[in-house]
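Everything on this sheet refers to the single structure shown next.
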Amino acid sequence: MKIPLFTWLFLIPFLTIFFGVNVFLVSGQCRKDQQSLLLQLKNSLEFDRSVSAKLVKWNSTSDCCEWPGITCDEGSGRVISLDLSFESITGGLDDSSGLFSLQFLHSLNLSFNSFSTALPVGFANLTDLISLNLSSAGFTGQIPNDISKLTKLVSLDLSANSFLGGPPLKLEQPNLATLVQNLTHLTELLLDGVNISAHGNDWCKALSSSLPNLKVLSMSNCYLSGPLDVSLAKLQSLSIIRLSGNNLSTPVPEFLANYSKLTALQLSSCQLNGIFPQAIFQVPTLEILDLSYNEFLQGSFPEFHQNLSLRTLLLSNSIFSGTLPQSIGELEKLSRIELAGNNFTGPIPNSMANLTQLFYLDLSSNKFTGTLPSFRKSKNLTYVDVYHNQLTGEIPSSHWEGLRSLTYVDLRNNAFNGSIPSSLFAIPPLQKIQLSNNRFGGQIPEFPNVSSSLLDTLDLSSNKLEGPIPSSVFGLAKLNVLELSSNKLNGTLQLNWIQKLLNLTTLGLSYNNLRVNASGGNSNMSSLPQIKKLRLASCDLGMFPDLRNQSKLFHLDLSDNQITGPVPGWISELSLLQYLNLSRNLLVDLERPLSLPGLSILDLHHNQLQGSIPVPPSYITYVDYSSNKFSSFIPLTSIVDLAFNQFRGNLPNICLKTWEGMMEGGNRSLEHIRYDPLKLTNGLLVGRIPTGNQFQTFSSDSFEGNQGLCGPPLIACSKTNESKSTRGSNQRKEFDWQFIVPGLGFGLGSGIVVAPLLYYARGDWRIQPEETSEEEDNTDAADDDNDDEVEVDNEDYFGGRYCVFCTKLDITIKKVIHDPKCVCYQSPPISSSSSSFSSFSPS
Numbered sequence: 001m002k003i004p005l006f007t008w009l010f011l012i013p014f015l016t017i018f019f020g021v022n023v024f025l026v027s028g029q030c031r032k033d034q035q036s037l038l039l040q041l042k043n044s045l046e047f048d049r050s051v052s053a054k055l056v057k058w059n060s061t062s063d064c065c066e067w068p069g070i071t072c073d074e075g076s077g078r079v080i081s082l083d084l085s086f087e088s089i090t091g092g093l094d095d096s097s098g099l100f101s102l103q104f105l106h107s108l109n110l111s112f113n114s115f116s117t118a119l120p121v122g123f124a125n126l127t128d129l130i131s132l133n134l135s136s137a138g139f140t141g142q143i144p145n146d147i148s149k150l151t152k153l154v155s156l157d158l159s160a161n162s163f164l165g166g167p168p169l170k171l172e173q174p175n176l177a178t179l180v181q182n183l184t185h186l187t188e189l190l191l192d193g194v195n196i197s198a199h200g201n202d203w204c205k206a207l208s209s210s211l212p213n214l215k216v217l218s219m220s221n222c223y224l225s226g227p228l229d230v231s232l233a234k235l236q237s238l239s240i241i242r243l244s245g246n247n248l249s250t251p252v253p254e255f256l257a258n259y260s261k262l263t264a265l266q267l268s269s270c271q272l273n274g275i276f277p278q279a280i281f282q283v284p285t286l287e288i289l290d291l292s293y294n295e296f297l298q299g300s301f302p303e304f305h306q307n308l309s310l311r312t313l314l315l316s317n318s319i320f321s322g323t324l325p326q327s328i329g330e331l332e333k334l335s336r337i338e339l340a341g342n343n344f345t346g347p348i349p350n351s352m353a354n355l356t357q358l359f360y361l362d363l364s365s366n367k368f369t370g371t372l373p374s375f376r377k378s379k380n381l382t383y384v385d386v387y388h389n390q391l392t393g394e395i396p397s398s399h400w401e402g403l404r405s406l407t408y409v410d411l412r413n414n415a416f417n418g419s420i421p422s423s424l425f426a427i428p429p430l431q432k433i434q435l436s437n438n439r440f441g442g443q444i445p446e447f448p449n450v451s452s453s454l455l456d457t458l459d460l461s462s463n464k465l466e467g468p469i470p471s472s473v474f475g476l477a478k479l480n481v482l483e484l485s486s487n488k489l490n491g492t493l494q495l496n497w498i499q500k501l502l503n504l505t506t507l508g509l510s511y512n513n514l515r516v517n518a519s520g521g522n523s524n525m526s527s528l529p530q531i532k533k534l535r536l537a538s539c540d541l542g543m544f545p546d547l548r549n550q551s552k553l554f555h556l557d558l559s560d561n562q563i564t565g566p567v568p569g570w571i572s573e574l575s576l577l578q579y580l581n582l583s584r585n586l587l588v589d590l591e592r593p594l595s596l597p598g599l600s601i602l603d604l605h606h607n608q609l610q611g612s613i614p615v616p617p618s619y620i621t622y623v624d625y626s627s628n629k630f631s632s633f634i635p636l637t638s639i640v641d642l643a644f645n646q647f648r649g650n651l652p653n654i655c656l657k658t659w660e661g662m663m664e665g666g667n668r669s670l671e672h673i674r675y676d677p678l679k680l681t682n683g684l685l686v687g688r689i690p691t692g693n694q695f696q697t698f699s700s701d702s703f704e705g706n707q708g709l710c711g712p713p714l715i716a717c718s719k720t721n722e723s724k725s726t727r728g729s730n731q732r733k734e735f736d737w738q739f740i741v742p743g744l745g746f747g748l749g750s751g752i753v754v755a756p757l758l759y760y761a762r763g764d765w766r767i768q769p770e771e772t773s774e775e776e777d778n779t780d781a782a783d784d785d786n787d788d789e790v791e792v793d794n795e796d797y798f799g800g801r802y803c804v805f806c807t808k809l810d811i812t813i814k815k816v817i818h819d820p821k822c823v824c825y826q827s828p829p830i831s832s833s834s835s836s837f838s839s840f841s842p843s
């Protein structure tokens with residue numbers, strides 16, 4: 001239908017007025033006074049313009065209500081919400097800032113900035129605030145009482161992220177009770193990381209008496225103490241309770257099971273004790289339960305029912321026990337399970353295969369038995385860790401099919417057998433495969449998708465794997481750790497094959513049937529990656545690989561390789577080296593002294609080294625020179641094994657009379673140092689074994705083979721034994737059993753062994769330079785020559801110059817302390833009349 005012309009002429013004035021009004025309402029929302037205050041605020045702030053996504057876009061030519069971070073009231077045009085979170089703001093916030101003149105603000109968010117000043121008192125001007133978020137904003141010092149004047153607040157977040165550093169906010173004067181007494185409308189209170197330091201459980205009473213509508217209580221790492229007061233039971237609206245990282249030192253109260261709206265209960269690292277109430281597991285609304293790192297908290301699982309909402313279950317490093325019920329498979333929403341470091345037993349329920357939402361599973365360090373169930377239905381699964389259990393049986397390849405999100409698999413320290421599932425090696429996003437210390441056999445599967453693989457750790461050590469190393473392994477470009485030691489792998493491997501593995505830092509091929517050829521290709525191996533740990537023990541090397549360019553190497557094991565000739569001088573240039581094992585070779589000499597600043601473990605036993613014995617640095621922890629052809633003087637360090645050499649002369653006792661005599665500067669704090677274990681077997685020691693202090697704890701194994709010793713734990717001393725022990729009494733009076741003098745021998749086949757000992761038996765006590773969680777080769781410390789026994793001979797004389805290195809080990813800090821006052825002496829000529837070792841027998 002056509003509209004007559006005169007009708008258009010009549011409507012035009014009205015349409016003009018209508019559209020004009022609407023244009024005014026849209027483009028004119030921003031009030032000039034509000035824009036001016038905001039620009040004043042911007043100009044007073046220091047912020048990184050390259051990071052800012054909000055302040056950098058504020059300008060005087062645009063509508064302030066359309067600026068990022070700003071919300072205006074549609075009717076009045078006043079600013080009611082200001083969000084400057086993550087704006088990289090630094091410096092201070094002045095009380096005269098334009099911010100505190102925006103009196104109609106309902107919501108203010110300054111979180112995740114770096115203000116680095118005390119909280120301004122100007123916040124008291126913002127009396128209409130309903131929500132105040134200053135979390136991780138960098139404010140420090142005491143929270144002012146002015147915050148308590150914001151009586152309309154519904155949500156208050158002053159929490160701080162401890163990982164971001166900086167001093168925390170404090171709530172001492174005024175205290176928590178003063179802060180919240182007028183905030184009766186609060187439903188959310190987040191004070192994580194604020195130093196409240198409340199005494200006893202007064203904080204519980206302050207909350208329950210002032211905040212009847214509280215729904216979210218988040219006060220982790222606030223230096224709170226317990227117990228949890230029953231007054232908290234009044235807060236029946238509570239939905240989220242986060243109190244982790246406080247020293248509550250309390251049992252978990254039963255009343256927590258009565259919160260009908262509870263969705264999250266997080267009480268990790270709270271020193272909780274007693275038995276956890278099973279009824280809390282059954283709260284229908286509960287989605288997150290975190291009780292991890294409460295080493296005194298006991299408990300067990302009830303039977304679960306289908307209507308529960310549990311999504312996250314974290315109980316790691318507590319002492320929960322019992323079995324996992326089959327009904328755990330009824331928890332259809334369960335996505336994260338962490339039960340590591342508990343005492344759970346029995347099988348892993350097959351019903352867990354029904355947990356289709358599961359993406360994270362950690363059952364490590366328990367006592368689970370039986371087989372590993374399939375998780376094929378858990379398509380989102382990214383993490384599986386069953387390390388250190390008692391699981392057995394084969395793992396079908398079908399278990400891992402379809403898990404396209406899997407990034408981490410740790411099956412170490414179990415008893416799995418059969419072949420390694422080939423499907424595991426076909427998952428492109430997988431980053432870590434750790435299967436060591438099991439009984440897997442057969443050959444290592446090929447990697448079908450080498451070019452797309454993200455694998456950075458492959459640990460298959462200590463299994464029963466056979467055959468050659470698949471060529472596809474050397475195409476895994478992102479590989480960082482390759483551990484294949486202690487298997488039955490065979491074939492010849494050219495060491496320069498690893499040059500494609502540019503990210504490789506750890507290579508372990510020890511104790512297989514492999515022959516590693518280090519002579520081919522690039523002679524100085526400069527193109528190899530910068531390796532930190534290289535374990536090539538028993539790899540039939542026959543020669544030293546040229547590692548002079550491996551400047552980051554700190555762990556080197558080339559033992560049992562029939563390597564001949566001298567120890568090359570370039571080893572002394574590896575300044576970061578901490579562990580060096582060249583034992584069981586045919587080495588004859590050292591081209592240069594091994595004066596490496598970080599070296600703590602040096603093992604050269606079972607070689608053909610001769611001449612003067614190398615003087616180890618005073619900071620070294622373990623030295624084994626046994627079964628060589630050394631002669632001349634003996635330096636002593638914390639642990640020394642010099643058995644089977646050709647030493648002569650007297651053992652000087654200048655620094656060996658007592659342990660107290662060796663204390664640097666008379667440091668009495670070292671009196672606690674103990675000898676554990678003690679080995680004085682198969683010697684010529686005589687006399688009564690001391691009965692005081694630690695000697696009462698040693699077994700007869702520590703002294704066996706010394707026909708002249710008596711007293712507990714050996715046979716009782718008779719008068720004959722006592723009379724034998726009186727010979728050389730004048731000299732023996734200088735000896736004190738608080739320090740054990742190592743036995744000395746003469747001729748090939750006898751020598752000295754240990755002085756003083758650390759606190760683990762041989763094969764276990766060798767200190768690892770780092771990462772004690774990584775599995776060392778089981779045979780690294782294996783030794784069949786019984787070097788840890790003291791062997792002595794009647795002709796225990798020493799000739800020539802000798803040095804005494806008085807060192808000791810502080811057990812509490814595992815630190816060797818050297819006494820620089822100990823010096824070198826000239827021993828008397830060798831004589832048959834020289835005093836024998838019996839002069840060091842106990843009185």
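In the UniProt record's numbering, the protein residues as written are 1 to 843.
Beta carbons are placed, not taken as given, at the ideal position from N, Cα and C, and that holds for glycine.
Would you mind working out which of 117, 155, 130 sits nearest residue 144, comparing C-alpha positions?
Out of 117, 155, 130, 117 has the C-alpha closest to the C-alpha of residue 144.
Assuming residue 148 contacts residue 178 under a Cβ cut-off of 8 angstroms, what Cβ separation, rounded to an integer in Å, is found between them?
6 angstroms
Can you give me the C-alpha to C-alpha distance between residue 556 and residue 576, rounded to a whole angstrom?
11 angstroms
When we look at the beta-carbon of residue 103 and count the other beta-carbons within 10 Å, is it buried (16 or more) or exposed?
With fewer than 16 other Cβ atoms inside 10 Å of its own Cβ, residue 103 counts as exposed.
Where do the ends of the alpha helix (DSSP H) carrying residue 176 lie?
176 to 180
Quick one: is residue 230 buried, meaning 16 or more other Cβ sit within 10 Å of its Cβ, or exposed?
exposed
To the nearest angstrom, report how far apart residue 817 and residue 621 are at their CA atoms.
Its pLDDT being 40, under 50, residue 817 is placed unreliably in this model, and the value from its coordinates should be taken loosely. So the two alpha carbons sit approximately 10 angstroms from each other.
Based on DSSP bridge pairs, tell me the residues matched to residue 846.
Past the boundaries of the shown model lies residue 846; the chain is included only from 1 to 843, so the question cannot be answered.
Hey, could you find the ends of the alpha helix (DSSP H) residue 585 is sitting in?
Here residue 585 belongs to no alpha helix (DSSP H), and DSSP marks it neither H nor E.
How about residue 566 and residue 580: do their beta carbons lie closer than 9 angstroms?
no
Start and end of the alpha helix (DSSP H) containing residue 38?
Start and end: 32 to 44.
I'd like to know whether the C-beta atoms of residue 436 and residue 483 end up nearer to each other than 9 angstroms.
Their beta carbons are under 9 angstroms apart, which means residue 436 touches residue 483 by this criterion.
Any contact between the region 345 to 356 and the region 299 to 306? By contact I mean 3 or more CB pairs, one from each, below 8 angstroms.
no
Going by DSSP, which residues form a beta bridge with residue 218?
190, 242
How is residue 729 classed by DSSP in three states: helix, strand or coil?
For residue 729, the pLDDT reaches just 40, beneath the cut-off of 50, and the residue's location in the model is therefore unreliable, although a value from the coordinates is still provided. Note: residue 729 maps to helix in three-state DSSP.
How about residue 257 and residue 224: are their beta carbons less than 9 angstroms apart?
no
Does residue 118 come out as helix, strand or coil in the three-state DSSP assignment?
strand
Rounded to whole angstroms, what is the Cα-Cα separation between residue 253 and residue 246?
Their backbone Cα atoms lie some 16 angstroms apart in a straight line.
Relative to the C-alpha of residue 480, which candidate in 201, 421, 433, 107 has its C-alpha closest?
433
In chain order, what residues of the same chain have a beta carbon less than 6 angstroms from the beta carbon of residue 101, not counting five sequence neighbours either side?
37
Would you kindly work out how many angstroms separate the C-alpha atoms of residue 619 and residue 626, rounded to a whole number?
Looking at the two C-alpha atoms, the distance is approximately 20 angstroms.
To the nearest angstrom, how far is the alpha carbon of residue 383 from that of residue 55?
41 angstroms
Below 8 angstroms on the Cβ atoms is my guess for residue 534 versus residue 514; work out the distance and round it to an integer in Å.
Wrong, their Cβ atoms sit about 14 angstroms apart, outside the cutoff.
So residue 358 and residue 381 are in contact, right, with Cβ under 8 angstroms, and what is the actual spacing, rounded?
6 angstroms
Beta-carbon within less than 6 angstroms of residue 67's beta-carbon, same chain only, minus the 5 sequence neighbours each way: which residues are those?
58
For residue 532, which three-state DSSP category applies?
DSSP places residue 532 outside both helix and strand once states are collapsed to three, so it counts as coil.
Kindly indicate which residue of 431, 583, 471, 450 has the alpha-carbon position closest to the one of residue 444.
471
Does the Cβ of residue 409 have 16 or more other Cβ atoms within 10 Å, making it buried, or fewer, making it exposed?
Around the beta carbon of residue 409, 16 or more other beta carbons lie within 10 angstroms, which makes this residue buried.
Got a sec, what are the start and stop residues for the beta strand (DSSP E) residue 415 sits in?
Annotation: the continuous beta strand (DSSP E) that includes residue 415 extends over 415 to 419.
Whole-angstrom Cβ separation of residue 136 and residue 115, contact assumed at under 8 angstroms?
With 8 angstroms as the limit, residue 136 and residue 115 do not qualify as a contact, their Cβ atoms being about 10 angstroms apart.
State the CB to CB distance for the pair residue 458 and residue 441, rounded to an integer number of angstroms; the pair is presumed to be in contact (CB under 8 angstroms).
Actually they are not in contact, since the Cβ atoms of residue 458 and residue 441 sit about 17 angstroms apart, beyond 8 angstroms.
Give the straight-line distance between the Cα atoms of residue 210 and residue 423, rounded to the nearest whole angstrom.
For residue 210 and residue 423, the distance between alpha carbons rounds to 59 angstroms.
Identify the residues that DSSP records as bridge partners of residue 264: which are they?
240, 288
If you reduce the DSSP assignment to three classes, tell me which class residue 152 lands in.
coil
Nearest CA to the CA of residue 262: which residue from 140, 235, 275, 574?
Here the closest residue by C-alpha is 235.
Do residue 333 and residue 315 have their CB atoms nearer than 9 angstroms?
no
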